[in-house]
Each structure stands twice: as structure tokens, then as C-alpha cells.
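Residue numbers (our numbering): 2 to 657.
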Amino acid sequence: MNVNGIVFKGSVKEKTVARNLYAQAKAKGKAAGIVRANSQDMETFKTEVHVPPGSNIEFELNYQEMMQRKLGVYEHQLHLQPGRLVPQFQVDVYIFEPKGISKVETTNTLGDHFSDSIKVTTTDEKAHIVFKPSLQQQRRCNNCTDSAVDGDLIVRYDVNRDSHGELQVSDGHFVHFFAPSNLSPLPKNIVFVIDVSGSMWGVKMKQTVEAMQAILDDLTIDDHFSVIDFNHNVRCWSEDLLPGSSIQVADAKKYIQDIKPNGGTNINEALMKAVQILVRASNQGLIDPRSVSMIILVSDGDPTVGEIKLSTIQKNVKRVMKEEFSLFSLGIGFDVDYDFLERIAMENRGTAQRIYANHNAADQLRAFYSQVSAPLLRRITVQFPEDSVSDVTQNQFDKFFSGSELVVAGKVLPSDTNTLTSFTTASAANLDLTLETETDTAELDERLATLHHSFPGFARQLWAYITIKQLLGERAMAPTAAKKRKITQKILSLAVEHQFVTPLTALLVESEETNERLLADSPKDAKHGCCSGGGLSPGPEEWVLPQKVNLVDNDPHFIIHLPRHNMDVCFNIDSKPGHILNLLSDSGTGVVVNGQLVGSKKLHKNKLNTYFGTISVYFQPDGVSVTTSTENITVSDARNTHVFSWDATTDIMQDG
2 MNVNGIVFKG SVKEKTVARN LYAQAKAKGK AAGIVRANSQ DMETFKTEVH
52 VPPGSNIEFE LNYQEMMQRK LGVYEHQLHL QPGRLVPQFQ VDVYIFEPKG
102 ISKVETTNTL GDHFSDSIKV TTTDEKAHIV FKPSLQQQRR CNNCTDSAVD
152 GDLIVRYDVN RDSHGELQVS DGHFVHFFAP SNLSPLPKNI VFVIDVSGSM
202 WGVKMKQTVE AMQAILDDLT IDDHFSVIDF NHNVRCWSED LLPGSSIQVA
252 DAKKYIQDIK PNGGTNINEA LMKAVQILVR ASNQGLIDPR SVSMIILVSD
302 GDPTVGEIKL STIQKNVKRV MKEEFSLFSL GIGFDVDYDF LERIAMENRG
352 TAQRIYANHN AADQLRAFYS QVSAPLLRRI TVQFPEDSVS DVTQNQFDKF
402 FSGSELVVAG KVLPSDTNTL TSFTTASAAN LDLTLETETD TAELDERLAT
452 LHHSFPGFAR QLWAYITIKQ LLGERAMAPT AAKKRKITQK ILSLAVEHQF
502 VTPLTALLVE SEETNERLLA DSPKDAKHGC CSGGGLSPGP EEWVLPQKVN
552 LVDNDPHFII HLPRHNMDVC FNIDSKPGHI LNLLSDSGTG VVVNGQLVGS
602 KKLHKNKLNT YFGTISVYFQ PDGVSVTTST ENITVSDARN THVFSWDATT
652 DIMQDG
């Protein structure tokens, strides 16, 4: 946040602390901003800012995102809606992939006349996409003053892959990406469980039927399936799993077409019935041992009939589900208790997804099914040699679906060798696999240090992100309040250390009035102070830093020696951890030095000591900054950001 030329950086704090500080800042009329996550979802966040009258304020938000591979590509979607003509409008997307880029494509919903404004440049490892419409191109018509830029720019790409996976090591952390292809799909056993209660009447039901027609057409003769529809009652198209032949599929499609929604919602009995169908088929030996068994639930509301207590339904489903079965939950519309659907899916080796009940709900249902329609592997485990890694994220996976990706991260332990090896085992359609991947632990950091558009701390942040996501899942499932508290503390600690906005934390940035920042004092007690004498207002030419410094209790402080008076003046900084203080500014040259306080690990004489944890030097005319913290050193200008660890040696040439 740049307030009238002074830059303040935000920091992540426990959510209630950040909210209270933001409320206090607003009450005092200060400039402030807060960023917080919605419910259990780390990917969705909202921002709120307070701008005092007469201020000139710029907010800049930097965020990191883990790209999820779906249907064979990574997708980055930018929503562009400036609302007015912009003299210099430019979007740059830079991609760097050490293994090489296999394809890059862009699509947009901005309109045909913008297609020529999007330029794509690619090499083996890098891609650069530029969208730079001129002022005239932005106009809706020759003389219009409103902008035609209103839509999405979507970049999709994928990377070259080895069948055994890719192992990347950076900054003392590793990430293992595993996405094999060229494998035959495993046969599927699916029970579709469809909510046909009264609330599904109309567009929701029409679109569900439309999606199911396409999904059933995708089944093969090797697949087995059944369909359950439920309201206050539970009905089955077939009590047994039947092969996905054209005759059976046609019959099931006719059954779904004839459904008329009405009545209540008996989720518990419907799920019990679905599990019963799979268990009976398994007991009768009708299920191929190498096949994948799953239940796909489509619902738009809470249970209203039969067992309606969500925690009891959750326990019931977990009790009857076999280890090899998965449950996928699709929640349609806004009335649905999505947290509940997510919990029962996660607890039973599946995932949940929201389906937004609008004109393309059928497309969303089909897209979700596409992600799980081609299972390639079962029982995947990624392991490492003993004493080579620690703090590894989830490394055992129930299934791998075509077009997706499994990601395992962790810390690399010190070693005599410069290599790290991973071993992956999995069960495919016709064989069992054992794959080995090896990588040089220093090579990637050397590459990243030479690149303009790279993020050297990516492996550390990716490890922390995946760990926090898993802990949030464990927290939702915690059997006791004590266990939940313990997990909450772990999440808070990691989120604050790695500066992540989570459901438990928020990012706060606030300005500070200058007179609140620095307090010059003259301690009376010689044992606790460094100063003597009364109040003085010396001229700058008198200020000299002393050679000998006495200790001062607690707060950050600095001392200025006044030679003419032969005395020291001690400045104590009485503020709180997280506060950013302006230590020095020179409006003539545009140089600003800010310091951010951190708290000590424990109280000292019932007081929390504070220290400077980060110092930033800004040269405002060129937008250049150097930020030093205990973690790393960051050098930024208007175009690039370089992050260095303390043990790196580097040279940066900067124009001008």
C-alpha cells in the first residue's frame, strides 16, 4: 500500500487479530486494507480497503497459486474488466518449465476483434503471452468512450513428461510431479446417486438429465454401473451392477428421462443403498480386482427425511464403505451444505465440487465426470531413501485419473551427495509398476537465479501450501476438540511463517502516523537506560552514532551521541509485532527505509520483546526496492522480482 509516497507492506496474522487491527485503523481514520479467505476455501479470498479522504493511495496485491493439472493442461484464467478506457493496457504471462513446454494455447471471451492483440512467443522452456490492445481497439465503436474489454483471457499449457515423474529441488525443499500417460484405463464400477427432491424441479433437473445422457454414453462394455434416484424414497434403475452395453445405457437414459422431481431428501438411505450394490457385486466376484469402484452423488440440498443429522450420515457412510470404494460429491446451487458434501467425499477417498446452477450446469457436470472417467492407476506410493527427506506431504494415493497430476513435497535433508531419488509404485490395468526418478539438488536453483520471471522460493511455498491444505482437511475431520485445537495451532504457525491467507488467518496492511512511531525517552534509572540529561533539540550536524552502547530493555532502539553536550539520546520504539515503521525518508531523493517488527518467542518480564525482522529500502522514482528479512533478500523493480537466500552470492545489473 503506497500512501502519499510512503510504502507499507502487509503481513499475515491470526484472523481475529487482523480484523481487530483493521477495525481500529478504520476508527482512527488510517489507510488500511485486509485480505481474508472464505470459509474452508484457501483459493477464494475477498479484500476490503479503507481510504481516508484526500489520500492518494495505491494498493498492489501479489499472490501465488498452485496450478492444478486438469484434463491434461494447466489453466490460468484472467478476468479483464477495467470498466473504462486505459491509456496503457497490457497483460503479460510468462511461463518457465525446466522440462520443456509441450503446448501453449490461448482462448478468450473478449470478442473476435481482440484476437490479433494477443501474441504468443515460445521456446523449448519458456513462453510469453502478451495482450496489449491500443486505446482505439479498446473502444466499443470509433467514438465510444466506454471499454470493449470485458471478458476472460485464458492460457492453457502442458509440459514434457517422463513416465516416471519429475523431481524438482529448490531452496532445501523438493516437489515430485507425477502424471504418467500412455496407459490403458482401468475398468470402472459406478453407482450414480441423483437427488430428485422437489427443490431439483426445473432447470437443475433438466441440466442434470442432459449431463447424465452424455455421461452414460461414455461408458464402455468393460464398465459396470447402476443408477439410484432419491427424494423421500429411494429407487434403483437396477439392484445389480450391469455392464455398460448400448442396450443397458439406452434403458438407463430412458429411466432418467422419465424422472419427475418432488418430495423430500433422504441422502442417508440413498448412499447406504449405493454402497450395498457395490458390496454385493464385490462379494459375488463380479468386480475385476484391478477395476475402480466409485459412487457419484449429485444433490442440491440438506437431508430432510430419514436420518437428517449430518455427523451421523457421515459416520454411517464411513462405516459401510470399503477401502477400495470412493465417493465423489457434486453440490448443485447455493442451498447445498457444501462443507458436508466435501467432508463425506474426503473421508471416503473422493473429492467434492460445486456445480453452479446456471445455464452451463450440464457442462460443469460433464467436465467433472471427464476428470474421473479414465482411471489409469490404483494404489500409488511415492517413497524416498531413508534419511534423505523429512516432513513429506501425502505420498500414498488411492487412484490416479488421466489428465490429472499427483504432487508430493517435503524437505531435503543435508547429504554428502548432490542427488535425490524417488521410487514410485502403482498398479495399472495389466501390470504393477516400479519407477525411479533422480535429480541434481543444486541444478534448478542455479537456473532460477539467472531468470527474470521465476520464483526461487516456489518449492518451500508449495510444500507449505500442500501441508496446510492437508491440515485443513484433517481439522474438518478431527474427532475431538483437543485434536482440532492442536491442528489449528499447526496451521496458524505455518500460515504466519509462510504468509498464507487461510480460513484462520488474514493479511493486514495499515499506515502509521509518524508521531506514533518514534518515542524519544530519557530513562531515569541508569541500570535500565543509556541516556542522561533533559530534553534537547539538537541540530542534525551534531548527530553521531556512539562507539559504545549500553543495553536497553525490550524494544528496538537506537542511540545518537551529541558530542557538544557529551551525552547520548536513546530512541525507544514502542510498537507491536507486525507493525511497519518508517525509519528514514528523504523526499528530495525519494529514498524511504521501513522496518517491520517481529515479536520474540517468549515473554520477558511479562512483556513481549520486539525486534526488526525485516528492513526495506525503497528508491521511489524508479520503484526499486531491496527487502532483507531473516528468511531471504528480495530485490524488486517495476518489472522483476529476485529472491535470494542468505547463502547465495549474486550480482544484479540494473539499468540506470
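We put the CB at the ideal spot given by N, CA and C, even for glycine.
Find out if the Cβ-Cβ distance for the pair residue 267, residue 302 is shorter than 8 Å. At the C-beta level, residue 267 and residue 302 stay beyond 8 Å of one another.
Going by DSSP, which residues form a beta bridge with residue 568? Residue 568 is bridged by DSSP to 563.
Using CA coordinates, which residue listed in 287, 353 and 433 is at the minimum distance from residue 244? Considering only alpha carbons, the answer is 287.
Excluding sequence positions up to five away, which residues of its chain have a Cβ less than 7 Å from the Cβ of residue 103? If you ignore the 5 residues before and after residue 103, its C-beta comes within less than 7 Å of the C-beta of 159, 160 and 161, all in its own chain and listed in chain order.
Separation of residue 233 from residue 410, as counted between CA atoms: Taking the straight line joining both Cα atoms gives about 45 Å.
Under three-state DSSP, which class holds residue 521? Because residue 521 carries a pLDDT of 28, less than 50, the predicted location of this residue cannot be relied on, and no value is offered for it.
Report the start-end ranges of each beta strand (DSSP E) in the region 266–333 that is 3 residues or longer and not cut off at the edges. Within the region 266–333, the complete beta strand (DSSP E) runs of at least 3 residues are 293–300 and 326–333.
Looking only at its chain, what residues have a beta carbon closer than 6 Å to the beta carbon of residue 403, apart from the 5 residues adjacent to it on each side? Excluding positions up to five away in sequence, the list reads 375 and 377.
By Cβ distance, which residues of its chain are closer than 8 Å to residue 125, with the 5 residues on each side in sequence left out? In chain order, 101 and 102 place their CB closer than 8 Å to the CB of residue 125, counting only its own chain and leaving out the 5 sequence neighbours on each side.
Alpha helix (DSSP H) segment containing residue 340, residue limits: Per DSSP, residue 340 is one residue of the alpha helix (DSSP H) stretching across 339–348.
Would you call the region 496–513 and the region 7–19 in contact, with 3 or more CB pairs under 8 Å? Per the Cβ contact rule, the region 496–513 is in contact with the region 7–19 (3 or more Cβ pairs under 8 Å).
What do you get for residue 295, buried or exposed, if any count of 16 or more other CB atoms within 10 angstroms of its CB means buried? Its Cβ being crowded by 16 or more others within 10 Å, residue 295 is buried.
How would you call residue 382, buried or exposed, if buried means at least 16 neighbouring beta carbons within 10 angstroms? Here residue 382 is exposed: its Cβ has fewer than 16 other Cβ atoms, across all protein chains shown, within 10 Å.
Close Cβ partners of residue 246 (< 7 Å) along its chain, the five nearest in sequence each way excluded: If we look at residue 246 and ignore the five residues flanking it on each side, its Cβ neighbours are 222.
Indicate whether residue 418 and residue 386 have their beta-carbon atoms separated by less than 8 Å. Pairing residue 418 with residue 386 gives a Cβ-Cβ distance that is not under 8 Å.
Span separating the alpha-carbon of residue 455 from that of residue 449: Distance between the alpha carbons of residue 455 and residue 449: 6 Å.
Could you tell me whether the region 247–254 touches the region 176–187, using the rule of 3 or more Cβ pairs below 8 Å? With the cut-off at 8 Å, the region 247–254 and the region 176–187 do not touch.
Please classify residue 573 as buried or exposed, where buried requires at least 16 neighbouring CB atoms within 10 angstroms. If you draw a 10 Å sphere on the C-beta of residue 573, you find 16 or more other C-beta atoms in it, and that means buried.
Sufficient close CB pairs (3 or more, under 8 Å) joining the region 584–603 to the region 616–623: At 8 Å Cβ cutoff, the stretches touch.
Pull up the DSSP beta-bridge partners for residue 397, would you. By DSSP's assignment, residue 397 forms a beta bridge with 382.
In chain order, what residues of the same chain lie with their CB nearer than 7 Å to the CB of residue 6, ignoring the 5 residues before and after it? If you ignore the 5 residues before and after residue 6, its C-beta comes within less than 7 Å of the C-beta of 621, all in its own chain and listed in chain order.
Would you call residue 394 buried or exposed, if buried means 16 or more other Cβ atoms sit within 10 Å of its Cβ? Taking every protein chain shown into account, the CB of residue 394 has 16 or more other CB atoms within 10 angstroms, so this residue is buried.
Three-state secondary structure (DSSP) of residue 165: Coil.
Alpha carbon of residue 711 to alpha carbon of residue 34, nearest angstrom: This structure does not reach residue 711, given that the chain is present from 2 up to 657, and the question cannot be answered.
If the criterion is Cβ atoms closer than 8 Å, does the pair residue 458 and residue 644 meet it? Contact flag set, yes.
Please name the residue in 4, 30, 566 and 43 whose C-alpha comes closest to that of residue 508. Residue 508 has its Cα closest to that of 43, out of 4, 30, 566 and 43.
How should residue 9 be labelled, buried or exposed, when 16 other C-beta atoms within 10 angstroms of its C-beta is the threshold for buried? With 16 or more neighbouring CB atoms inside 10 Å of its own CB, residue 9 falls in the buried class.
Would you call residue 647 buried or exposed, if buried means 16 or more other Cβ atoms sit within 10 Å of its Cβ? When all chains shown are included, residue 647 counts as exposed.
Residue of 174, 74, 305 and 154 minimising C-alpha distance to residue 196: Per the Cα distances, 305.
Which of helix, strand or coil does DSSP assign to residue 474? Per DSSP, reduced to three states, the secondary structure at residue 474 is helical.
Out of 290, 173, 341 and 631, which has the shortest C-alpha to C-alpha gap to residue 478? Ranked by Cα distance from residue 478, the options 290, 173, 341 and 631 are led by 341.
Cβ-based neighbour list, residue 106, same chain, cut-off 6 Å, excluding 5 preceding and 5 following: Closer than 6 Å at Cβ, skipping near neighbours: 157.
Nearest neighbour of residue 467, chosen from 52, 78, 176 and 74 [CA to CA]: For the residues 52, 78, 176 and 74, the minimum Cα distance to residue 467 belongs to 176.
State yes or no: is the C-beta of residue 420 within less than 8 Å of the C-beta of residue 166? Inclusion of residue 420 and residue 166 in the CB contact set at 8 Å is not warranted, their separation being larger than that value.
Beta-carbon proximity list for residue 153, same chain, < 6 Å, skipping 5 on both sides: Within the same chain, residue 153 has close Cβ partners 78, 80 and 110.
Would you list the one or two residues that DSSP bridges to residue 437? 424, per the DSSP bridge assignment.
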